[in-house]
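Report on one structure; see the data block that follows.
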Amino acid sequence: MLSLAAVSAGYGSFQALFDVSLEVSQGEAVGVIGPNGAGKTTLMRVISGLVPLRGGAMTLDGRSVGGLPAHRVIELGIAHVPEHRRLFPRLTVEDNLRIGAFIPQARARFAEQLDRVYELFPRLKDRRHQFAGTLSGGEQQMCAIGRALMSRPKLLLMDEPSAGLAPLVVEQVFDLVRRIRGEGLTVLIVEQNVQQVLDVVDRAYLLEVGSIKLAGTSSDLKGHEIIRKAYLGL
Amino acid sequence: MDIYLLEAIINGILLGGVLALLALGLNLIFGVIDVVWIAYADLVMCGMYMVYWLYVGFGWPLLLACAVAIAGVAVLGVLVHVLIIAPILGSAPINQLLATGGLLFFLQSFATLLFGTDFRNLGIRLPIIELGEIYISTARLLAFAIALVGAIALYFFLKRTFIGTAIRAIAQDRDIVGLMGVDQRRIYLVTSAIGGALAGLASCLLSLQYDVHPFIGNTFGPLLFMICVLGGLGDMIGGFVAAFIISQIISIVGYYTNTELAYVLAFAFFIALMFVRPRGIFVR
Chain F
0 MLSLAAVSAG
10 YGSFQALFDV
20 SLEVSQGEAV
30 GVIGPNGAGK
40 TTLMRVISGL
50 VPLRGGAMTL
60 DGRSVGGLPA
70 HRVIELGIAH
80 VPEHRRLFPR
90 LTVEDNLRIG
100 AFIPQARARF
110 AEQLDRVYEL
120 FPRLKDRRHQ
130 FAGTLSGGEQ
140 QMCAIGRALM
150 SRPKLLLMDE
160 PSAGLAPLVV
170 EQVFDLVRRI
180 RGEGLTVLIV
190 EQNVQQVLDV
200 VDRAYLLEVG
210 SIKLAGTSSD
220 LKGHEIIRKA
230 YLGL
Chain W
0 MDIYLLEAII
10 NGILLGGVLA
20 LLALGLNLIF
30 GVIDVVWIAY
40 ADLVMCGMYM
50 VYWLYVGFGW
60 PLLLACAVAI
70 AGVAVLGVLV
80 HVLIIAPILG
90 SAPINQLLAT
100 GGLLFFLQSF
110 ATLLFGTDFR
120 NLGIRLPIIE
130 LGEIYISTAR
140 LLAFAIALVG
150 AIALYFFLKR
160 TFIGTAIRAI
170 AQDRDIVGLM
180 GVDQRRIYLV
190 TSAIGGALAG
200 LASCLLSLQY
210 DVHPFIGNTF
220 GPLLFMICVL
230 GGLGDMIGGF
240 VAAFIISQII
250 SIVGYYTNTE
260 LAYVLAFAFF
270 IALMFVRPRG
280 IFVR
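Sequences listed follow chains F and W, in order. Sequential numbering of the first sequence, starting at 0, is according to numbering that gives the first Met the number 0. Sequential numbering of the second sequence, starting at 0, is according to numbering that gives the first Met the number 0.
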């Protein structure tokens with residue numbers, strides 16, 4: 000479905016990604032793990048069009064999507080749940096979801112999709128008239144995921160969904176990810192929480208200083224020496 | 000209560016309507032695009048000339064002249080954005096202030112060149128309503144009512160439509176809206192057009208009450224900026240309320256003393272409040 004071939008990107012004179020190649024197939028959940036500053040967030044921002052491609056190629060279902068601006072990429076079915084959620088704090092939960100359905104093909108089915116998101120996250124329905132800024136961390140993550148789902152994406156990008164949340168809430172967030180997978184959505188998830196993300200995804204890539212160092216199925220990676228020592232503390 | 004005081008209060012409310020409408024437009028543009036259109040009151044002047052020339056010069060029906068003026072100032076708003084703001088959007092805010100400040104002088108001088116400094120009016124005399132001993136100008140009442148309808152229409156547009164929601168969202172986090180499919184440049188154009196249309200509507204309403212001349216913007220422009228800062232720049236509800244506070248001060252003080260002192264006191268009140276609430280009366 001999504002394919003990156005030798006992608007490089009950066010900001011100004013700083014290069015954040017070097018020749019990153021990555022594949023995500025239909026129905027899969029794929030993780031990208033790695034330490035702080037490895038380029039994980041940049042990778043997500045490149046895929047969703049917030050950061051321009053400097054080299055390499057990116058295709059979605061065989062169609063080139065490299066170099067498209069973010070507001071075009073989402074129309075092709077890639078929705079991005081950004082790092083730190085980035086909800087609109089002084090908009091109600093429902094307005095946050097409404098803006099998630101901004102693209103024309105989603106607007107037409109707004110009411111129907113809103114029902115689906117409320118069904119998936121009943122808490123959001125209870126709080127739909129509240130400002131998003133007043134939600135708890137876990138609820139905010141639900142709202143951010145819900146906002147992305149409102150565009151009816153084929154592929155969901157999640158950038159550090161567990162960041163800044165209490166351990167108990169982190170558990171809930173990974174349950175959310177499982178529920179979304181249950182909906183048949185393809186997911187690409189970036190995480191520092193290696194143990195838990197490997198329990199959720201089918202395959203994962205290890206990104207270090209802007210390059211892919213390792214790739215494999217979750218169970219392979221869990222058993223791999225580098226991962227065990229550096230990331231799982233075993 | 001003193002019947003003339005009551006009349007002054009009513010006049011204050013009626014005066015506040017058009018100012019509130021203009022404050023909404025200015026705050027909308029500031030909140031969304033993060034620029035202050037110093038020449039906003041002069042766009043109103045352009046609109047008033049459009050109404051004047053279409054109605055008096057070409058003999059069009061008044062409603063048609065007004066509709067075209069509203070559309071015309073909306074286009075003017077888009078031009079201001081495309082020609083002046085967009086090229087310097089990334090530069091220091093002072094540059095944008097200076098650029099729209101330059102536009103103010105350009106528009107005033109250009110209007111003087113084209114039309115001279117004559118005071119012109121539509122020649123429409125709407126009747127005065129008598130309520131007991133209180134006299135109310137129909138033109139003012141009409142202007143107030145239409146301004147209110149305009150404000151309510153804007154409220155529902157911002158609250159109920161996808162574009163309106165995007166406009167409110169972009170004012171809170173402009174870097175992330177692209178992820179929801181919102182093209183920032185398009186929202187800026189729509190916002191500039193709405194800001195222009197509100198100035199256009201105000202120019203129709205003011206045409207019924209005042210003569211148009213190249214410097215008419217100076218008579219309410221400073222007042223308008225004071226209102227917006229008092230309400231908190233970008234705070235649409237704050238600006239809306241502040242418009243009525245200021246117009247009440249002007250109207251009531253003007254009744255007890257004279258208009259000049261009323262303006263002095265209104266600005267003194269503004270300066271005093273800026274010490275107490277520097278970021279606007281309703282800052283959260």
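Yeah, the Cβ is synthetic: ideal placement off N, Cα and C, and Gly gets one too.
Check                                                                                                                                            : Outcome
Contacts that residue 79 (chain F) makes with chain W (C-beta to C-beta distance below 7 Å)                                                      : 178
CB contact below 9 Å: residue 128 (chain F) versus chain W                                                                                       : no
Minimum C-alpha distance to residue 16 (chain F) - residue among F:145, F:195, F:39 and F:32                                                     : F:39
Near-chain W residues of the region 69-102 of chain F - C-beta to any C-beta below 9 Å                                                           : 69, 70, 71, 72, 73, 74, 78, 79, 80, 81, 85, 86, 87, 88, 89, 90, 94, 95, 97, 98, 99, 100, 101 and 102
Segments assigned alpha helix (DSSP H), at least 4 residues, entirely inside the region 79-151 of chain F                                        : 92-99, 103-106, 109-119, 121-125 and 136-148
Contacts around residue 251 (chain W), its chain only, beta-carbon distance under 6 Å, and the 5 residues preceding and following it disregarded : 7
Within-9 Å CB hit, residue 217 (chain F) to chain W                                                                                              : no
Among W:281, W:212 and W:215, the one whose alpha carbon lies nearest that of residue 241 (chain W)                                              : W:281
Extent of the continuous beta strand (DSSP E) run through residue 158 (chain F)                                                                  : 154-158
Residue 243 (chain W) in three-state terms, based on DSSP                                                                                        : helix
Residue 164 (chain W) at chain F interface by Cβ criterion, 9 Å                                                                                  : yes
Neighbouring residues, chain W, relative to residue 24 (chain F) (Cβ below 7 Å)                                                                  : In chain order: nothing, as chain W lies at least about 23 Å away.
Straight-line Cα distance separating residue 196 (chain W) from residue 187 (chain W)                                                            : 14 Å
Residue 13 (chain F) - partner residues in DSSP beta bridges                                                                                     : F:10
Neighbour list for residue 62 (chain F) in chain W, Cβ cutoff strictly below 8 Å                                                                 : Per Cβ cutoff of 8 Å: no residues; residue 62 (chain F) is ~18 Å from chain W at best.
Proximal residues to residue 120 (chain F) (C-beta, below 7 Å), its chain only, five neighbours per side dropped                                 : 141 and 145
Residues that DSSP places opposite residue 241 (chain F) in a beta bridge                                                                        : Here chain F covers residues 0 to 233 and nothing more, so residue 241 (chain F) does not appear.
Those residues which DSSP pairs with residue 247 (chain F) across a bridge                                                                       : Any property of residue 247 (chain F) remains undetermined from this structure, which presents chain F solely from 0 to 233.
Classification of residue 192 (chain F) by the beta-carbon crowding that lies within 10 angstroms, buried from 16 upward                         : buried
Beta-carbon separation (whole angstroms), residue 153 (chain W) vs residue 43 (chain W), contact threshold 8 Å                                   : Between residue 43 (chain W) and residue 153 (chain W) the Cβ distance is about 16 Å, and since that is not below 8 Å, they are no contact.
Residue 196 (chain F) and residue 149 (chain F) closer than 9 Å at C-beta                                                                        : no
Under the three-state DSSP convention, the category residue 90 (chain W) falls into                                                              : coil
Near the ligand GDP: residue 260 (chain W) beta-carbon under 8 Å from a heavy atom                                                               : No copy of the ligand GDP occurs in the structure displayed, which carries no ligand at all.
Cβ of residue 161 (chain W) within 9 Å of any chain F Cβ                                                                                         : yes
Own chain, CB closer than 8 Å to residue 131 (chain W), minus 5 neighbours either side, in chain order                                           : 2
Inter-residue spacing [alpha-carbon to alpha-carbon] between residue 267 (chain W) and residue 231 (chain W)                                     : 17 Å
Residue of W:142, W:24 and W:184 minimising C-alpha distance to residue 72 (chain W)                                                             : W:24
Residue 127 (chain W): first and last residue of the uninterrupted beta strand (DSSP E) it sits in                                               : 127-130
Start-end ranges of the beta strand (DSSP E) lying completely within the region 190-241 of chain W, minimum 3 residues                           : none
Cβ neighbours of residue 92 (chain W) in the same chain (closer than 6 Å, five flanking residues each side left out)                             : none
Any C-beta of chain W under 9 Å from that of residue 151 (chain F)                                                                               : no
Straight-line gap, residue 214 (chain W) to residue 46 (chain W) (C-alpha atoms, nearest Å)                                                      : 13 Å
Whole-angstrom distance between residue 184 (chain F) and residue 95 (chain F), CA atom to CA atom                                               : 21 Å
Segment contact flag, the region 255-265 of chain W with the region 77-87 of chain W, C-beta cutoff 8 Å, min 3 pairs                             : no
Chain W within 9 Å of residue 147 (chain F), Cβ atoms only                                                                                       : yes
Where the beta strand (DSSP E) containing residue 229 (chain F) begins and where it ends                                                         : Looking at the DSSP string, residue 229 (chain F) is not in any beta strand (DSSP E), and its letter there is neither H nor E.
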